[in-house]
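Here's the structure we're looking at; comments come further down.
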Amino acid sequence: MDTELIKQKIIAETTALMPLKVDNEDVVLYKFRHIQSLVIDLTGSVAGESEPYSKAFTLMQSAINEEYKQFSESVSYEEKEQALILLKHKAAEVCELLQAG
15 MDTELIKQKI IAETTALMPL KVDNEDVVLY KFRHIQSLVI DLTGSVAGES
65 EPYSKAFTLM QSAINEEYKQ FSESVSYEEK EQALILLKHK AAEVCELLQA
115 G
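The working numbering applies: residue 15 is where the sequence shown begins, and numbers increase by one.
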C-alpha cells in the first residue's frame, strides 16, 4: 500500500478516535489497535528510510505497552479517562511525526 495512503488512514483513524469517550471502550480499543496496525504497515513499507516513521513506531509501541494496557485494565472510570487522554495524546503525536516525515 502507498505510504501516503497509509498516512491518510492513520490520520483519519486518529481523528475518529479523538471524540470517543470512556464508555465506548470497545471502539477505542479497536481504533487504537487499527492505528497500530497501520503504523506497522507504514514502517514496514519504508524499511528504515525515515527517522519520523521509526519514532512513530516506537511511540506507538510505548502507547500499547503503557496507556493502552492501563486503559484496558483500569477498573475505575477516572483511571480509564486519564489513560484515554494519554492514549489520544500519543496517537496525535504519531500523526505529527508522520506529517513531518
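By construction, the Cβ of each residue, glycine as well, lies at the ideal position given by its N, Cα and C atoms.
Here the structure is a predicted model, which means the values were calculated and not measured.
Look at the alpha carbon of residue i and the alpha carbon of residue j, and state the distance between them as a whole number of angstroms.
i: K23; j: S90; result: 32 angstroms
i: E39; j: S86; result: 8 angstroms
i: K21; j: Y44; result: 18 angstroms
i: E107; j: V53; result: 12 angstroms
i: S64; j: Q84; result: 30 angstroms
Let's see if you can read the secondary structure: which residues bound the alpha helix (DSSP H) around residue i?
i: P33; result: From DSSP, P33 is part of no alpha helix (DSSP H); its letter is neither H nor E.
i: Y44; result: E39 to V60
i: S86; result: K83 to E87
i: E93; result: Y91 to A114
i: E65; result: E65 to A77
Tell me, to the nearest whole angstrom, how far the beta carbon of residue i is from that of residue j; I am working on the premise that it is less than 8 angstroms.
i: L73; j: L111; result: 7 angstroms
i: R95; j: V41; result: The question names Arg, but residue 95 in the sequence shown is Glu. Between V41 and E95 the Cβ distance is about 15 angstroms, and since that is not below 8 angstroms, they are no contact.
i: E27; j: I49; result: 5 angstroms
i: F71; j: T57; result: 4 angstroms
In or out: residue i buried (at least 16 other Cβ within 10 Å) or exposed?
i: K104; result: buried
i: A97; result: buried
i: E92; result: exposed
At least 3 beta-carbon pairs within less than 8 angstroms: the region 25 to 41 vs the region 65 to 79: Short answer: they don't touch.
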